[in-house]
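Worksheet: one structure, shown below.
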Amino acid sequence: MLMAALCSPLSAAEKVQSPEAPGKARNVILFIGDGLGINMLSAARAYSVGADGRLQMEQLPHMALAHTCAEDKAVTDSASSASSLATGFKVPYRSLNIRGNGNRPALISELAHKSGRSVGIVTNTRLTDATPAAFYGDTKNRYNEVELVPQLVESHFDVILGGGLAWFLPKTTPPGIREDGQDYLAKARVKGWAILQTRDDLKKSEQLPAGSRLLGVFTTDDMSYVDERKGRPAEPPLTEMTLAAIHRLSKNPKGYFLMVEGGMIDKAEHKNWALRSIMETLEFDQTIGAVLREAGKDTLVIVTADHETGGFALSGSPPLSSHGNELLARQPDQGFLMGWTSGPGALQKQSVDFLDPNFRQPAAHYTSSALHTANDVFVAATGPGSEDVHGFFDNTEIFRIMKRALGL
Ligand SMILES: [Zn+2]
């Protein structure tokens, strides 16, 4: 009865069915744009639909600004910030879900699982990177990634899709890097996970019976940037992974919790690659648009960022009609319109081709990797419980909004 075949996508009647839990929302989808500051959103908007247009995520009806500081630092990293979203508590810089006092609070994914819902994670970084790890694991130091893999394999998740195969395999099995000789891909198979390694595997996973648990590890390390993926057809794009996850999770009539990370935005920002940062932001936005068309009315969708990276800005006075590559070109009177506060772009020779995705826009001061900033981040939402998303609040409030909406 529980697993009575619900076809996917859900029919209109199923979409409006009341959730069985007392909360208002049957499902929650949390989108995290890693490093996606409001300033990058403005630039991606100008680049794609013009400065007076609107991205898909900008069409959500409710909005707030969230403070992002860590328990011990004014400027957060992804581990501390994702932990705030996952637990509702601040944790120290680089910690995953372990507070300064040593406590390890319950995760939203654990609470959702206990209520009978299915749970999932989708990212285009490696699965042991800070943001995805905050939703299944804990460690005082996010860089202990080999420690996180066993936690992932032992977790109660129904769908986990991303990159980072090297962390699952022993050194003796390329591309493995594990020193402990353990093969966690083999262990995951024993635990009943269906292992997916290509875009084709992901497509075929739609045929797997209800109750199958999917572990997709599609690349050795982080997945590719949008512009690199053209030559790598075996890698599924973020949108495909997300829709496949929703189709799988929505087979559970009790509902689901899903976290989707656009994780490569931050990676490009750390290098001062404005074009790549924009392309990644646009793919993230396209994924949100696809989900909004697919998710039922009983789904709370929240979009936010964990922090801003690089102190980016689109500046100057380009004409309103400017969009696309015009915004990347050097202007005769104003130089480059896009620039950063910190990062390796401070040493860039500006004669190189500005349309090359590897071109670094100028930064005001040199750091080998652009720094995170204290800038507040946007929170946008739609669906049951989204009316709580307004005003200024701390990012820990997002956990409470999701928990309340799920009736937990
Ligand atoms: Zn970062």
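Each number in my numbering comes from the position in the sequence shown (counting from 1) with 50 added on.
For every residue, glycine included, the Cβ atom is placed at its ideal position computed from N, Cα and C.
Any heavy atom of ligand 1 closer than 7 Å to the Cβ of Thr432? no
Measuring from the CB of Asp316, is there a heavy atom of ligand 1 at a distance below 7 Å? yes
Of the residues Glu256, Asn445 and Pro142, the one placed nearest Glu121, counting alpha carbons only: Pro142
Got a sec? Which residues, its chain only, sit under 6 Å from Arg149 by beta carbon, not counting five neighbours each side? Phe139 and Val141
If we count the other Cβ atoms within 10 Å of its Cβ and call it buried at 16 or more, is Val276 buried or exposed? buried
For a test of your reading of the model: does the CB of Ser145 fall under 7 Å from any non-hydrogen atom of ligand 1? Yes or no. no
Taking contact to mean 3 or more Cβ pairs, one atom from each stretch, closer than 8 Å, check whether the region 375 to 388 and the region 108 to 128 are in contact. no
Reduced DSSP secondary structure (H/G/I, E/B, other) of Asn174: strand
Quick check on the DSSP output: the alpha helix (DSSP H) that includes Ser509 runs from which residue to which? There is no way to answer for residue 509, as the model of the chain reaches only from 51 to 458.
May I have the straight-line CA-CA distance separating Ala284 from Phe307, to the nearest angstrom? 27 Å
Just tell me which of Tyr416, Leu364, Thr417 and Gly435 has its CA closest to the CA of Gly91. Contrary to the premise, residue 91 reads as Leu rather than Gly in this sequence. Considering only alpha carbons, the answer is Leu364.
Identified DSSP bridge partners for Asn77: Thr349
Residue from Leu202, Ala101 and Val125 with nearest C-alpha to Val427: Val125
For ligand 1, is there a heavy atom less than 7 Å away from the beta-carbon of Gly85? yes
Counting along the chain, where does the beta strand (DSSP E) carrying Arg263 start and finish? Arg263 to Val267
Using beta-carbon positions only, say whether His357 and Ala420 come within less than 8 Å of one another. no
Gly345 versus Gly433, Ala216, Arg154 and Thr248, residue with shortest Cα-Cα distance: Residue 345 is actually Ala in this sequence, not Gly. Cα-wise, what sits closest to Ala345 is Gly433.
Hey, could you find the ends of the alpha helix (DSSP H) Ile227 is sitting in? No alpha helix (DSSP H) holds Ile227; DSSP gives it neither H nor E.
6 Å Cβ shell around Gly441 - same chain, five flanking residues per side excluded: Ala114
Flag Thr359 as yes when its Cβ comes closer than 7 Å to any non-hydrogen atom of ligand 1, and as no otherwise. yes
Nearest neighbour of Lys301, chosen from Val267, Glu290, Ser327 and Pro259 [CA to CA]: Pro259
Let me know the secondary structure DSSP gives Ile148 once reduced to three states. coil
Is it buried or exposed for Thr423, if we count other Cβ within 10 angstroms and need 16 for buried? buried
Spatial neighbours of Gly242 within its chain, please: CB distance less than 8 Å, with the 5 preceding and 5 following residues excluded, ordered by chain position. Arg263
For His163, collect the residues of the same chain with a Cβ closer than 6 Å to its Cβ; drop the 5 residues on either side in sequence, then sort them by chain order. Val169 and His206
Can Gln398 and Arg410 be called in contact, C-beta distance under 8 Å? yes
Ranges of the alpha helix (DSSP H) found wholly within the region 344 to 411, counting only runs of at least 4: none
With the cut-off set at 8 Å, would you say Gly360 and Gly313 are in Cβ contact? no
Where does Val209 land, buried or exposed, given buried means 16+ other C-beta within 10 angstroms? buried
Check whether the region 182 to 191 and the region 217 to 226 touch, using three or more Cβ-Cβ pairs below 8 Å as the test. no
CB-CB length for Arg144 against Ser133, believed under 8 Å: Actually they are not in contact, since the Cβ atoms of Arg144 and Ser133 sit about 10 Å apart, beyond 8 Å.
Nearest to Thr269 by CA position, among Asn153, Ser255, Ala236 and Thr178, is which residue? Thr178
Ligand 1 heavy atom lying under 7 Å from the CB of Ser128: yes
Starting from Gly115, follow its DSSP beta bridges and name the residues at the other end. One point to set straight first is that residue 115 is Leu, not Gly, in the sequence displayed. Paired residue(s): Phe428 and Phe442.
Within its chain, find whatever has a CB closer than 8 Å to the CB of Gly281; leave out the 5 residues flanking it on each side and keep chain order. none
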